[in-house]
Amino acid sequence: MKVFVTGATGFVGKALIDSLLADKHIVIAAVRKLTKQLPTVVTQVVIGDLSEFAEADENESETKLAAFLSASDVIVHLAGRAHIIGDDPINNQSLFDAVNASATFKLAKLASKYNVRRFVFLSSIGVNGNQTSQKSFTEQDTPNPQEPYAVSKWRSEQLITNHQFSNQMEWVIIRPPLVYGPDAPGNFASLLKWTKKGVPLPFGAVHNKRSMIALDNLTDFIILCLDAPAAGNQTFVIADDESVSMSELLKKVAAAQGMSAKLIPVPVGLMKNTAKLLGKSALATRLFADLQVDNRKARHLLGWKPVTTMDQQLKKMAESDKNKRFNRK
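Those letters in the sequence shown? Residues 422 to 750, per our numbering, in order.
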């Protein structure tokens, strides 16, 4: 197939493109500016920043993208404004909405106009909420986004699912939790960094349960959704089969590096109160609360199953990091 990918140079985008090319698909990548980060067989189309794309004249955007969209069978829309801890919720909601909702809807409408068959949108498990208590998140849950990023993703979903596209273009919405793999950004990268340094961490008493998804599992699922008939006009929450606590995760990360995690059993209540005093309540939720995802719809409807385990993906991350350090010498 001819697959149009946005967010092509991002963490998920680069891995997805490698997998698409390995499967002999033809890839068109939407980029801010021309880049050498992508394989030369990938066709690049410059669309600039998504906030500018959202505000650009409709005719101008159409002229720029028409030839590429008309040549595409499927769009995988990964690009967006990522969650940034510490963002002011009031001042930043409009920016999240412009990039993650308005630009997404504009691209979807253009795709429909040029007869793209399917629009695959990477949303977020944050649409369901930021923690679970009695049961795991499913597709049937009433959306309960708590932060600007998740709110904007939910608004994107509503715009897509409520619109009658002109060519009956199908959509697929995927809500993953935290994604981990080689070159993972954000909080996962920070945990990996401190674990590798052997720094004692105060998470020995954290026994929560959190779902995550390996990068290899996510890219495999996205590719399945490109043309699986049963995936059309469906929303999926997706995750690895295994949920882990913060302490279990750090032990696994350390083991993949051939080390032992140094964990101090600081009471969770004390850390939560400290985080609240420092204005870091959202970060505390990510570290200490439960967030479990039920992936049974993907399994039963599409026959999907994870292609890798957490231990295997963490080992792959460790080997990738080791190779990069060796090549720098």
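Quick reminder that beta carbons are idealized off the backbone N, C-alpha and C, glycines included. Remember, it's a predicted structure, so these values are computed and weren't measured experimentally.
Assuming residue i and residue j form a contact by the criterion Cβ under 8 Å, report the distance between their Cβ atoms to the nearest whole angstrom.
i	j	result
Leu-499	Gly-434	5 Å
Gln-734	Asp-604	Actually they do not touch by this definition, with Cβ atoms about 12 Å apart.
Tyr-535	Ser-577	With a Cβ gap of about 20 Å, Tyr-535 and Ser-577 do not count as contacting.
Arg-410	Asp-494	Since the first residue shown for the chain is 422 and the last is 750, residue 410 is missing from the structure and cannot be characterised.
Ala-522	Leu-580	6 Å
By the DSSP assignment, the alpha helix (DSSP H) with residue i in it spans what residues?
i	result
Lys-534	524-534
Ser-611	607-617
Ile-644	636-646
Ile-438	432-443
Leu-712	From DSSP, Leu-712 is part of no alpha helix (DSSP H); its letter is neither H nor E.
Given a threshold of 16 other Cβ atoms within 10 Å of its Cβ, counted over all protein chains shown, does residue i qualify as buried or as exposed?
i	result
Lys-673	buried
Leu-670	buried
Val-462	exposed
Val-541	buried
Pro-598	buried
Leu-691	exposed
Ser-741	exposed
Along the beta strand (DSSP E) that carries residue i, what are the first and last residues, could you check?
i	result
Ala-451	447-452
His-584	Neither: His-584 is in no beta strand (DSSP E) and is coded neither H nor E.
Ile-656	With the sequence shown as reference, residue 656 is identified as Thr, and Ile is not the correct amino acid for it. That run of the beta strand (DSSP E) goes 655-658.
Arg-596	591-596
Arg-539	539-543
Leu-599	599-601
Residue i by DSSP, collapsed to three states: which one?
i	result
Val-548	helix
Met-422	coil
Thr-559	coil
Val-463	coil
Ser-632	strand
Leu-735	helix
Leu-499	coil
Ser-702	helix
Ser-681	coil
Val-620	coil
Val-687	coil
### Query
Do the segment 689-704 and the segment 642-649 meet, that is, are 3 or more Cβ pairs less than 8 Å apart?
no
### Message
Any contact between the segment 454-461 and the segment 556-575? By contact I mean 3 or more CB pairs, one from each, below 8 Å.
### Response
no
#### Entry: the segment 545-561 contacting the segment 712-721, beta-carbon criterion three pairs below 8 Å
yes
### Message
With three or more C-beta pairs closer than 8 Å as the rule, is the segment 511-521 touching the segment 621-630?
### Response
no
### Query
Three or more C-beta pairs closer than 8 Å, one from the segment 683-695 and one from the segment 609-627: is that the case here?
yes
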